[in-house]
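In what follows, a structure is listed as structure tokens, so that the remarks can point back to it.
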Ligand SMILES: Cc1cc2nc3c(=O)[nH]c(=O)nc-3n(C[C@H](O)[C@H](O)[C@H](O)COP(=O)(O)OP(=O)(O)OC[C@H]3O[C@@H](n4cnc5c(N)ncnc54)[C@H](O)[C@@H]3O)c2cc1C
């Protein structure tokens, strides 16, 4: 009979050593809102759970001169209550706060949302659009990895067995910059995104876009950083011709599946519509700064 061991180390070194030394499947745990559900259903059968929540700095948000460092296991609730982060990165915060219910928000983290590696994870397109970087720890120390390089397929990440995410870094946004996130779900809440879209833009004093990043979720095996969609915005105000180019670029990037939530055609069409709407919110926010 297999046994499940649980450890809650108090140092990164100890956590890395536990992961490296595990004989069978070892799973890192932050809030547990994905992992514990998978454990109960039997979908995941780990031999060891390494709970990160006692690690110094893994819960909490630091505002520095250059931006924000968000501990990997910081809950959605805490993220939503951080005034500085809400002001600087409203799209990242609104995406994070869409995860689950009030109860789930008390535990669910950015690291868990990313490393569960669901193509529909809500915070991920917003983090990619915001050019967020993960701080990954392992036996060789720390390394910075852009968020879009972590997930390599459904349920799969690029992290080694003895690595985990300790924090996320977000730069301080430039003047007249803002982000936004929208998702389409068949219900009003507590559902999985059929499509998700994150957009981050910087405008000049005349309202012309000087920089843009667009990311899509749930339309491919991993979240997509859609360079052509960002390029469609740069050099333009948000007129109909620009929106049409953005819409077309978003649709062209999609490689979705048919499932009970939406067909390939529906998801592709919605990706274009969401890109338009999300960009409109980001432009409006940036213009008000
Ligand atoms: C009722 C309910 C509703 C939900 N609604 C939504 C929703 O609307 N949108 C959405 O996107 N998700 C939703 N989820 C899924 C889940 O809540 C989120 O994905 C959440 O962000 C996971 O975070 P966590 O801290 O609980 O992760 P955990 O369960 O702790 O971990 C999830 C995965 O990430 C890995 N992991 C955790 N921390 C780290 C780390 N520091 N480094 C490396 N790997 C790590 C774990 O090993 C595991 O594989 C819902 C879940 C429930 C139960």
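In our numbering, the protein residues as written are 6 to 294. All C-beta atoms in this analysis are idealised placements derived from N, C-alpha and C, irrespective of residue type, glycine included. Since the structure is predicted, the reported quantities are computational estimates derived from the model, not experimental observations.
Status (buried if at least 16 other CB within 10 Å, exposed otherwise) for residue i
{"i": "residue 178", "result": "buried"}
{"i": "residue 51", "result": "buried"}
{"i": "residue 15", "result": "exposed"}
{"i": "residue 296", "result": "Lying outside 6 to 294, the shown extent of the chain, residue 296 is not represented and no answer is given."}
{"i": "residue 42", "result": "exposed"}
{"i": "residue 186", "result": "buried"}
{"i": "residue 212", "result": "exposed"}
{"i": "residue 200", "result": "buried"}
{"i": "residue 48", "result": "exposed"}
{"i": "residue 46", "result": "exposed"}
{"i": "residue 157", "result": "exposed"}
{"i": "residue 210", "result": "exposed"}
Span of the alpha helix (DSSP H) around residue i
{"i": "residue 148", "result": "Here residue 148 belongs to no alpha helix (DSSP H); instead the beta strand (DSSP E) covers 146–151."}
{"i": "residue 252", "result": "245–258"}
{"i": "residue 84", "result": "81–85"}
{"i": "residue 91", "result": "88–93"}
{"i": "residue 77", "result": "No alpha helix (DSSP H) holds residue 77; DSSP gives it neither H nor E."}
{"i": "residue 236", "result": "232–238"}
Opening and closing residue of the beta strand (DSSP E) in which residue i lies
{"i": "residue 66", "result": "66–68"}
{"i": "residue 292", "result": "Looking at the DSSP string, residue 292 is not in any beta strand (DSSP E); the run it does join, the alpha helix (DSSP H), is 269–292."}
{"i": "residue 204", "result": "200–208"}
{"i": "residue 223", "result": "That residue, residue 223, is in no beta strand (DSSP E); it is neither H nor E in DSSP."}
Ligand 1 heavy atom lying under 7 Å from the CB of residue i
{"i": "residue 112", "result": "yes"}
{"i": "residue 169", "result": "yes"}
{"i": "residue 104", "result": "yes"}
{"i": "residue 117", "result": "yes"}
{"i": "residue 202", "result": "no"}
{"i": "residue 183", "result": "no"}
{"i": "residue 26", "result": "no"}
{"i": "residue 126", "result": "yes"}
{"i": "residue 38", "result": "yes"}
{"i": "residue 220", "result": "no"}
{"i": "residue 46", "result": "no"}
{"i": "residue 16", "result": "no"}
{"i": "residue 164", "result": "yes"}
CB contact below 8 Å: residue i versus chain D
{"i": "residue 70", "result": "No chain D is part of this structure, which consists of one protein chain only."}
For this session: Kindly provide the ranges of any alpha helix (DSSP H) runs that are 4 or more residues long and lie completely inside the stretch 6–68, ordered along the chain.
Result: Correct list: 17–26 and 40–46.
For this session: Within the stretch 133–197, note down every full beta strand (DSSP E) run reaching 3 residues or more, in order along the chain.
Result: Qualifying beta strand (DSSP E) stretches, in chain order: 138–143, 146–151, 156–158, 169–176 and 182–189.
Exercise. Enumerated in chain order, which unbroken segments of the beta strand (DSSP E) with a length of 3 residues or greater are wholly contained in the stretch 103–135?
Worked result: none
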